[in-house]
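The structure under discussion appears below in the form of structure tokens.
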Amino acid sequence: MELLRLRRRMELAQRAKDLLEEKRTVLVMELLNLLRTTRDLEERLEKGLASAYEAWTKARAIMGEKPLRSISTESWDRFSLETATKSIVGTQVPTMKFLKTMEFGEAFPYDLTTTPAELDKAVAELERILDLIAEEAEVEAAVKSLATKLESLKRRVNALEYIFLPRIEHNIKFIQDHLEEMERESFFRLKRVKSSLERRAREAETVNA
Amino acid sequence: MDRERRRLIGKIAVLAEEDVAPLFRLVGIKDSFVVGNVEEASKLILDLSRREEYKLIIVTSRIAQKLENLIANISTKQIYPLFVTIPDRTGPVARRIEPVRNLVRRAVGFDIKVK
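In structure tokens, the structure reads:
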């Protein structure tokens with residue numbers, strides 16, 4: 001009875017391990033995907049930012065110190081962030097998106113007539129890459145979550161493979177050996193009983209003869 | 210049955226050098242701060258992180274490098290704010306692919322090659 005129960009448990013554990021390993025493979029593939037995305041994003045981000053910085057430098061060179069100082073403190077609150085969560089291969093990861101709450105025409109922080117065109121260019125370039133920044137944040141957060149999940153999966157697989165399953169195997173073997181021994185013992189006992197019965201039968205015959 | 214996905218509105222903050230922060234302000238991110246030294250930056254980051262409304266903090270690479278530990282620490286304790294490092298005017302960011310590879314290597318047990 002115990003043996004049957006143990007065998008059943010081993011089968012279940014084996015199946016659980018296979019499932020977990022499958023899940024692990026899926027996670028790894030998704031993680032690799034994300035890493036590739038992040039590299040591409042970083043490249044685009046770099047390019048966009050470089051062009052924004054270039055225009056910004058030019059604009060500042062043209063403008064001179066005083067006008068520069070006055071616009072350096074100007075700011076407007078034009079963006080907010082919309083965050084939510086989505087699920088990737090069973091794990092929850094954050095999403096974020098820039099929301100524009102004001103268009104370029106409203107409440108401008110500087111005077112278009114007294115500033116160089118390069119300034120507008122710099123601002124436009126930077127605005128263009130804001131979405132890339134949000135996406136980068138998303139991907140990095142996802143990578144972290146998946147990597148953590150992967151680590152816990154690995155631990156569970158290892159626990160099954162190196163602790164749980166061997167222990168069950170060991171118990172099964174122990175019981176099997178024991179049963180075998182008992183069987184052998186009873187076999188010999190039977191043999192002995194049989195041979196003594198035969199002896200008695202023979203003796204009885206010779207007496208009667 | 211469509212599950213109601215909670216969409217929260219949050220704020221963005223930027224920590225950058227003196228020559229970069231104004232540009233972000235002009236784009237429309239009001240909370241773009243100039244940080245001159247590590248103490249200032251640490252204090253600011255801790256303060257912003259404690260406030261729930263800041264969900265994204267953009268940091269330029271030189272500053273981020275100096276505050277690597279602090280940022281990593283905060284990121285393990287709370288999901289938000291998310292931190293993003295962007296290149297500053299001096300050039301591209303140190304490849305962040307490396308620490309991630311280490312993470313994956315530890316988690317998976319073998320190394321991976323990223324093209």
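Residue numbers (my numbering), protein chains in the order written: chain A, 1 to 209; chain B, 210 to 324. Yeah, the Cβ is synthetic: ideal placement off N, Cα and C, and Gly gets one too. Since this is a predicted model, take the numbers as computed values, not measurements.
- [ ] Note down the Cα distance separating F79/A from K220/B, rounded to an integer number of angstroms.
- [x] Position 79 of the first sequence holds residue 79/A. Position 11 of the second sequence holds residue 220/B. Straight-line Cα distance between these residues: approximately 8 Å.
- [ ] With 8 Å as the limit, tell me which residues of the stretch 260 to 291 of chain B have their beta carbon closer than that to any beta carbon of chain A; keep them in chain order.
- [x] K264, L265, I267, S284, I288, Y289 and L291
Task: V243/B - DSSP class collapsed to helix/strand/coil - done: Locating residue 243/B in the second sequence gives position 34, counting from the first residue. Three-state DSSP puts V243/B in a strand.
Task: chain A contacts from the stretch 230 to 241 of chain B (Cβ-Cβ distance under 9 Å) - done: A230, P231, L232, F233, R234, L235, V236, G237, I238, K239, D240 and S241
Open item on the list: Does S80/A come out as helix, strand or coil in the three-state DSSP assignment?
Closed with: Position 80 of the first sequence, counted from the start, is the residue given in the question as residue 80/A. Looking at S80/A - three-state DSSP - the assignment turns out to be strand.
Task: For A222/B and Y263/B, believed in contact at Cβ under 8 Å, the rounded distance - done: Stepping through the second sequence from its first residue, residue 263/B is reached at position 54. Stepping through the second sequence from its first residue, residue 222/B is reached at position 13. At roughly 5 Å, the Cβ-Cβ gap stays under 8 Å, so Y263/B and A222/B are in contact.
Open item on the list: Between I221/B and chain A, is the shortest Cβ-Cβ distance under 8 Å, so that the two count as touching?
Closed with: Residue mapping note: residue 221/B aligns to position 12 of the second sequence, counting from 1. At least one C-beta of chain A is nearer than 8 Å to the C-beta of I221/B.
TODO: Can you grab the Cα-Cα spacing for the pair H178/A / G90/A, in whole Å?
DONE: Position 178 of the first sequence, counting from 1, holds the residue named residue 178/A. Position 90 of the first sequence, counting from 1, holds the residue named residue 90/A. H178/A and G90/A: Cα-Cα distance of roughly 45 Å.
TODO: Report yes or no: do three or more beta-carbon pairs, one from the stretch 241 to 256 of chain B and one from the stretch 198 to 207 of chain A, lie closer than 8 Å?
DONE: no
Open item on the list: Can you tell me where the beta strand (DSSP E) holding Y263/B begins and where it ends?
Closed with: Start at 1 with the first residue of the second sequence, and residue 263/B comes out as number 54. Segment Y263 to T269, the beta strand (DSSP E) holding Y263/B.
Task: Secondary structure of G90/A, DSSP reduced to three states - done: Start at 1 with the first residue of the first sequence, and residue 90/A comes out as number 90. Of the three classes helix, strand and coil, the one that applies to G90/A here is coil, per DSSP.
- [ ] Excluding the 5 residues preceding and the 5 following R60/A in the sequence, name in chain order all residues of the same chain whose CB lies nearer than 7 Å to its CB.
- [x] Numbered from its first residue, the first sequence carries residue 60/A at position 60. If we look at R60/A and ignore the five residues flanking it on each side, its Cβ neighbours are L68.
Task: The alpha helix (DSSP H) enclosing F188/A, as first and last residue numbers - done: Position 188 of the first sequence, counting from 1, holds the residue named residue 188/A. Per DSSP, F188/A belongs to the alpha helix (DSSP H) from L165 to N208.
TODO: Compare the C-alpha of A137/A against each of L190/A, E180/A and L81/A and name the closest.
DONE: To locate residue 137/A, count along the first sequence from 1; it is residue 137. Comparing Cα-Cα distances from A137/A to each of L190/A, E180/A and L81/A, the minimum goes to L81/A.
Open item on the list: Check whether chain A comes within 8 Å of I254/B, counting only Cβ atoms and requiring the distance to be less than that.
Closed with: Locating residue 254/B in the second sequence gives position 45, where the first residue counts as 1. By this cut-off, I254/B is not an interface position.
- [ ] Give me the Cα-Cα distance between L165/A and L146/A, rounded to the nearest whole angstrom.
- [x] Taking the first residue of the first sequence as position 1, residue 165/A is located at position 165. Taking the first residue of the first sequence as position 1, residue 146/A is located at position 146. So the two alpha carbons sit approximately 27 Å from each other.
Open item on the list: Does chain B have any CB closer than 8 Å to the CB of I163/A?
Closed with: The count along the first sequence starts at 1 and reaches residue 163/A at position 163. Taking 8 Å as the threshold, the shortest C-beta distance from I163/A to chain B does not fall below it.
Task: A117/A at chain B interface by Cβ criterion, 8 Å - done: Residue mapping note: residue 117/A aligns to position 117 of the first sequence, counting from 1. No, no contact with chain B.
Open item on the list: Just to confirm my understanding: we take L190/A, look at its own chain, exclude 5 residues before and 5 after, and list those with CB closer than 7 Å. What are they?
Closed with: Along the first sequence, one-based indexing puts residue 190/A at 190. None.
Task: Partner residues on chain B for T91/A, Cβ-Cβ distance less than 9 Å - done: Your numbering for residue 91/A matches position 91 in the first sequence. What T91/A touches in chain B: nothing, since even the nearest Cβ is about 12 Å away.
Open item on the list: Measuring only the C-alpha atoms, how far is I133/A from L126/A?
Closed with: Against the first sequence, residue 133/A aligns to sequence position 133. Against the first sequence, residue 126/A aligns to sequence position 126. Approximately 10 Å between the Cα atoms of the pair.
Open item on the list: On the criterion of 16 or more Cβ atoms from any shown chain inside 10 Å, does R167/A qualify as buried, or is it exposed?
Closed with: On the first sequence, residue 167/A is found 167 positions in, with the first residue counted as 1. Its Cβ having fewer than 16 others within 10 Å, R167/A is exposed.
- [ ] Count the C-beta pairs between the stretch 223 to 239 of chain B and the stretch 106 to 126 of chain A that are closer than 8 Å, then say yes if the count reaches three, no if not.
- [x] yes
Task: Between the CA atoms of V139/A and T25/A - distance to the nearest angstrom - done: Position 25 of the first sequence, counting from 1, holds the residue named residue 25/A. Position 139 of the first sequence, counting from 1, holds the residue named residue 139/A. Looking at the two C-alpha atoms, the distance is approximately 19 Å.
Open item on the list: Among L217/B, L276/B, D228/B and R216/B, whose alpha-carbon lies nearest the alpha-carbon of T73/A?
Closed with: Indexing the first sequence from 1 puts residue 73/A at position 73. Comparing Cα positions, the closest option is D228/B.
Task: Where D211/B falls: helix, strand or coil (DSSP) - done: As a working mapping, residue 211/B is identified with position 2 in the second sequence. Annotation note: pLDDT 46 at D211/B (below 50); position unreliable, no value reported.
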